[in-house]
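Take a look at the structure below.
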Amino acid sequence: MTTGYKDELDPRPFIEGEQTDRSLNDSLLHHVLRGAGKGWWTLFSISLCLLSILGVSLGWTLYKGIGAWGNNQPVSWGFGIINFVWWIGIGHAGTLISAILLLFQQRWRTSINRFAEAMTLFAVMCALIFPVMHTGRPWYAVYFLMPYPSVNGIWPQFKSPLMWDVFAVSTYFTISLLFWFLGLVPDLASLRDTAKSKTKRFVYGIFALGWRGSGRHWAEYKWAYLLLAGLSTPLVLSVHSIVSFDFAVSVMPGWHTTIFPPYFVAGAIFSGFAMVITWLVPARHYLGLKHVVTIRHLENMNKVILATGMMVSYGYLMEHFIAWYSGSPYEFGIFFHTRQRGPFSGVYWLMVFCNCVAPQFYWFKALRTNLMFMWIISIFVNIGMWCERFIIVVTSLHQDYLPGSWGDFSPTVTDLGLYIGTIGLFSTLFLLFMKFIPAVALTEVKELRHELEHEAHLDDAKGAHQ
Amino acid sequence: MSDGGSFKGRLFVLAEFDKADALLDGTTAMREKGFKKLDTHTPYPIHGIEEALGLGRPKIPTIVLCGAILGIIVAYSMITYMNVIDWPINVANRPIHAPPANVPITFELAILLGGCSSFFGVMALMGLPKHYHPVFQSARFCEKASIDGFFLSVEMAHDGDVTSAKAAVTALGASHVEVIEELER
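Heads up: the sequence lines are chains W and X, in that order. So the first sequence is numbered by my numbering: it starts at 1 and just counts up by one. So the second sequence is numbered by my numbering: it starts at 1001 and just counts up by one.
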């Protein structure tokens, strides 16, 4: 049972050690079936504390209204939109790994897709809180966001990018959930059959939907999964393009550019992969996944971070070039004065350092395969991408055309509470996920092992022939 | 069981093979011997199982295509009806019917309905969720089929020759064979 197939470009194995279906099954389900340890409870308690901050901040926002936030005129989009775009972007790596890498037949995706897809779902949940609260009275939002025949006899304005956002994000969440669950069904069946306790067998059995690995089922299932991947691929590109339309369709200096859609998508993937690294580096250790989430997988992700970081840097360069080349004094002012030397120039230069400089270390193999180092860089990227959204939202709004209508922005405690609170929500959901659901797509890893073994046999046969 | 056996459970011969290749060959051979109601049970999809079971083209792509086209039609007609016919909103005298502005929502709804028809379509084709199936009566099946076992189930007619079916799968290299009679629930 060797997994000795050699890739000539990169001989390192996708699955380390001599593995069988049974050994993979037991090692990858171990973290679900064992009891929660002290470490898990500690992290979970911290997350719940952060989550309670979210509860308080949401409650205060609902009681007080949007006045509890730092938004003002002219900065009518503050933390709400910054955090929305940041979270949505983080979600994008999950879909990229699960869908785009599947279509490209990248075998290293198999060990990390479940993890990243879960991240997508939780990040989108966090993201959705912000625009929903930003409507002011969310219980009325349904009247103007949803096209339903109301007694007022009016309909939503479908030419508005904000309406496009509603459709894009809700579609994104729905499709990500279905894709994730469809991939999970065979794993839940494995879990049902591996679990010893009756309760676990019963609960996992319900969610496994009676899966029995039927060949007739697999024949349709494989196609359904592939088609969902095929649909998710343009979807993920469209979602962040549409998010960027919220800005690009307006006439604000610094927003009104055609480079926004591709540059937002690259930034989204950049921050999403960084978030995967942030969670995966510790998780692979504590969940015992080192044999399937190898340094090779992490290194590949770091290469994606480097590539997308370069795209983001190119985006910055192009924005500045066009601002200069356009000859528009407002565009020039935003990019070369307000952002670089204005009141928020510290955030700007932090962004440049985190997004353009920090990933450059990944050119060195020793650094991009160093766990501690990659973890630190991933934190930098997370911070840098948050700064980018801050710079885009706040600087363009607070000093636009007439100096007479310029303003200032500072977040309130509620703003900070909501932001920290959503991090709490994210980590709470993530810890629950890592406790109750297989963090690695077990069935796909077994299938990969089977394929690799098959190829190794073919190679051996060829070798014997020569 | 009160009315003296009016219930007639289905009858299966369940054979386990050691390797995926053996299962593939065994399935093909059984089908060639004239056994119709065959199914395999494997922890992951095995390449070539469709041919071995003699399945036709998958139906799900057609369903997804229909879903996606439906999404396009629904979205575009919704936007046109609501914003052009029923409640035109004139903003700075821009065209009331503006096709480029309709692209994003039309696209998203095509994906939404296409994706939903993929998920719910495949569930309908597989007949899931269905938590009961006679093969689960086998303890060996429950222990291995989703983990590392390769099973072939042959559904027999009530008057079928179970002995010869058992002999056939054994001859094809099945390592473990059992007969499952569906119990009344």
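Even for Gly, the Cβ is constructed at its ideal location relative to N, Cα and C.
Asked, Found
"Measuring only the C-alpha atoms, how far is L128/W from T338/W?", "30 Å"
"Just by C-beta distance, which residues in the segment 1100-1117 of chain X are closer than 8 Å to chain W?", "A1101, N1102, P1104, I1105, F1107, E1108, L1109, I1111, L1112, G1114, G1115, C1116"
"Hey, is the segment 93-100 of chain W in contact with the segment 271-280 of chain W, meaning 3+ C-beta pairs nearer than 8 Å?", "yes"
"Given a threshold of 16 other Cβ atoms within 10 Å of its Cβ, counted over all protein chains shown, does T3/W qualify as buried or as exposed?", "For T3/W, the predicted structure reports a pLDDT of 44, less than 50, and the residue's modelled location is therefore unreliable. The matter cannot be settled from this model."
"7 Å is my cut-off, CB to CB: does E1032/X come that close to chain W?", "no"
"With 16 as the cutoff for other CB atoms within 10 Å, does S1002/X come out buried or exposed?", "Note on S1002/X: pLDDT 47, under 50, position unreliable in the model; no value is reported."
"Who are T61/W's beta bridge partners in DSSP?", "Bridge partners of T61/W: none, in fact."
"In the DSSP assignment, what residue or residues form a beta bridge with S490/W?", "Chain W is shown only over 1 to 466; residue 490/W falls outside these bounds and no answer can be derived."
"So K1059/X contacts chain W; which residues on that side make the cut at Cβ distance below 9 Å?", "E220, W223"
"Classify C354/W: buried if its beta carbon has 16 or more other beta carbons within 10 angstroms, exposed otherwise.", "buried"
"Please tell me whether H1131/X has its Cβ less than 7 Å away from any Cβ of chain W.", "yes"
"Which residues mark the beginning and the end of the beta strand (DSSP E) in which V1177/X is found?", "1176-1181"
"Is the separation between the beta-carbon of F380/W and that of A358/W shorter than 7 Å?", "yes"
"If I'm right that Y263/W touches V312/W with Cβ under 8 Å, what's the distance once you round it to whole angstroms?", "7 Å"
"DSSP state of M1123/X, grouped into three classes?", "helix"
"Determine the burial state of R12/W: buried for a count of at least 16 other Cβ atoms within 10 Å of its Cβ, exposed for fewer.", "exposed"
"Look up A441/W in the DSSP assignment and say whether it is helix, strand or coil.", "coil"
"Runs of 3 residues minimum, wholly inside the segment 1126-1161 of chain X: which ones carry the beta strand (DSSP E) assignment?", "1150-1156"
"Counting along the chain, where does the alpha helix (DSSP H) carrying E117/W start and finish?", "113-134"
"Over the uninterrupted alpha helix (DSSP H) stretch that includes L306/W, give me the two end residues.", "295-326"
"Take the Cβ of Y1132/X as the centre, count every other Cβ of all protein chains shown within 10 Å, and call the residue buried at 16 or more, exposed below.", "exposed"
"L1011/X by DSSP, collapsed to three states: which one?", "strand"
"Taking Cβ-Cβ distances shorter than 7 Å, what residues in chain W pair up with V1135/X?", "R212"
"Between the Cα of T257/W and those of L43/W, S396/W, P282/W, spot the shortest distance and give me the residue it belongs to.", "S396/W"
"Residues in the segment 1033-1056 of chain X with C-beta within 7 Å of chain W's C-beta atoms, listed in sequence order?", "D1039, T1040, H1041, T1042, P1043, Y1044, P1045, I1049, E1050, L1053, L1055"
"What does N1083/X touch in chain W if you count any residue whose Cβ is under 9 Å from its own?", "W155, P156, Q157, F158, K159"
"Flag F353/W as yes if its beta-carbon sits less than 7 Å from any beta-carbon of chain X, otherwise no.", "no"
"What are the residues that DSSP puts in a beta bridge with F1017/X?", "F1150/X"
"Rounded to whole angstroms, what is the Cα-Cα separation between H30/W and A439/W?", "10 Å"
"With a cut-off of 8 Å on the beta carbons, I'd call F79/W and D408/W a contact; round off their distance for me.", "Contact doesn't hold; Cβ gap of about 14 Å is too wide."
"Whole alpha helix (DSSP H) runs in the segment 202-253 of chain W with 4 or more residues, listed along the chain?", "215-248"
"Between the beta-carbon of V265/W and the beta-carbon of H240/W, is there less than 7 Å?", "yes"
"Just the C-alpha distance for F390/W and L177/W, rounded to the nearest angstrom, thanks.", "29 Å"
"Looking at C-alpha atoms only, which residue of A461/W, T135/W, A456/W, A441/W is the closest neighbour of A118/W?", "A441/W"
"Which term fits R212/W, buried or exposed, when burial requires 16 or more other beta carbons within 10 angstroms of its beta carbon?", "buried"
"Measuring alpha carbon to alpha carbon, tell me which residue in V236/W, I377/W, F158/W is nearest N1083/X.", "F158/W"
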